[in-house]
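Asks: I'd like to ask you about the structure that follows.
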Amino acid sequence: MSKKQATILPPGPVMVDVASTTLTRAEKSRLRDPKVGAVILFARNFTTRRALCALTRDIHEIREEPLLIAVDQEGGRIQRFRDDGMTPLPSMRSLGQYWEQDPLLGMRAATAVGFVMASELRACGVDLSFAP
């Protein structure tokens, strides 16, 4: 194992949030704490896609082993990032109803929605959505 590999610690077990669309000095310090392994974002962290990309880039650059960035972007009323080119997603309940009517249609719809959600979030530097 190289010296560089030996100094990289696994992500910590704590997930924290940040207050706005930019990081404060105190938040940067807190994100460097080895107990922190992830950041959860909320609607307050989103104004534009460009600002979201800048925020996630800043969070990922805090440590050599990037922190995990997550959001509740399930669709329907649980969609933290709206507007500025983010696709309005149907609720997971509606996808379940499609499946109840026609399992193949429901599976195709869920796959398509998942692809759109993941593509948009990854393009903005978000690693994980808390979606069913």
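Okay, so the sequence shown: first residue is 1 according to UniProt numbering, each after it adds one.
Where a beta carbon is used, it is the ideal one built from N, C-alpha and C, also for glycine.
Output the distance between the C-alpha atoms of Q5 and P90, rounded to the nearest integer angstrom.
Replies: For this step, residue 5 is matched to residue 5 along the sequence shown. For this step, residue 90 is matched to residue 90 along the sequence shown. Legend: pLDDT at Q5 = 49, less than 50; position of this residue unreliable, value from coordinates given subsequently. Taking the straight line joining both Cα atoms gives about 43 angstroms.
Asks: Cβ atoms of L105 and residue 137: under 8 angstroms apart, would you say?
Replies: This structure cannot speak to residue 137, because the chain is shown only from 1 to 132.
Asks: Helix, strand or coil: how does DSSP classify V18 here?
Replies: Mapped onto the sequence shown, residue 18 falls at position 18. Annotated three-state conformation of V18 is coil, per DSSP.
Asks: What number of angstroms, rounded off, separates the C-alpha of residue 148 from the C-alpha of D83?
Replies: Outside the modelled stretch of the chain, which goes from 1 to 132, sits residue 148, for which no answer is possible.
Asks: Thinking C-alpha only, which one of A110, T87, Y98, L128 is nearest R49?
Replies: As a position in the sequence shown, residue 49 is number 49, starting the count at 1. Checking every option, the nearest Cα to that of R49 belongs to T87.
Asks: For L67, name the three-state secondary structure that DSSP assigns.
Replies: To locate residue 67, count along the sequence shown from 1; it is residue 67. L67 falls in the coil class under three-state DSSP.
Asks: Taking its Cβ as the centre, do 16 or more other Cβ atoms sit within 10 Å of M117, making it buried, or is it exposed?
Replies: One-based indexing of the sequence shown puts residue 117 at position 117. Answer is buried; the Cβ neighbour count reaches 16.
Asks: Does the distance from the CB of V18 to the CB of E27 come in under 8 angstroms?
Replies: Numbered from its first residue, the sequence shown carries residue 18 at position 18. Numbered from its first residue, the sequence shown carries residue 27 at position 27. Against a cut-off of 8 angstroms, the Cβ pair of E27 and V18 comes out as a contact.
Asks: Apart from the five residues on each side of it in sequence, which residues of its chain come closer than 6 angstroms, Cβ to Cβ, to L23?
Replies: Working through the sequence shown from its first residue, we reach residue 23 at position 23. Contacts found: D58.
Asks: Grouping DSSP H, G and I as helix and E and B as strand, with all else coil, what is I59?
Replies: The sequence position of residue 59 within the sequence shown is 59, counting from 1. Three-state result, I59: helix.
Asks: In or out: S29 buried (at least 16 other Cβ within 10 Å) or exposed?
Replies: Against the sequence shown, residue 29 aligns to sequence position 29. By the 10 Å Cβ count, S29 comes out exposed.
Asks: Beta-carbon within less than 7 angstroms of E120's beta-carbon, same chain only, minus the 5 sequence neighbours each way: which residues are those?
Replies: Residue 120 sits at position 120 when you count from the first residue of the sequence shown. Counting only Cβ-Cβ distances below 7 angstroms, and skipping sequence neighbours, we find M86, T87.
Asks: Distance check for S94 and R25, CA to CA, integer angstroms please.
Replies: Indexing the sequence shown from 1 puts residue 25 at position 25. Indexing the sequence shown from 1 puts residue 94 at position 94. Going by the C-alpha atoms only, they are around 42 angstroms apart.
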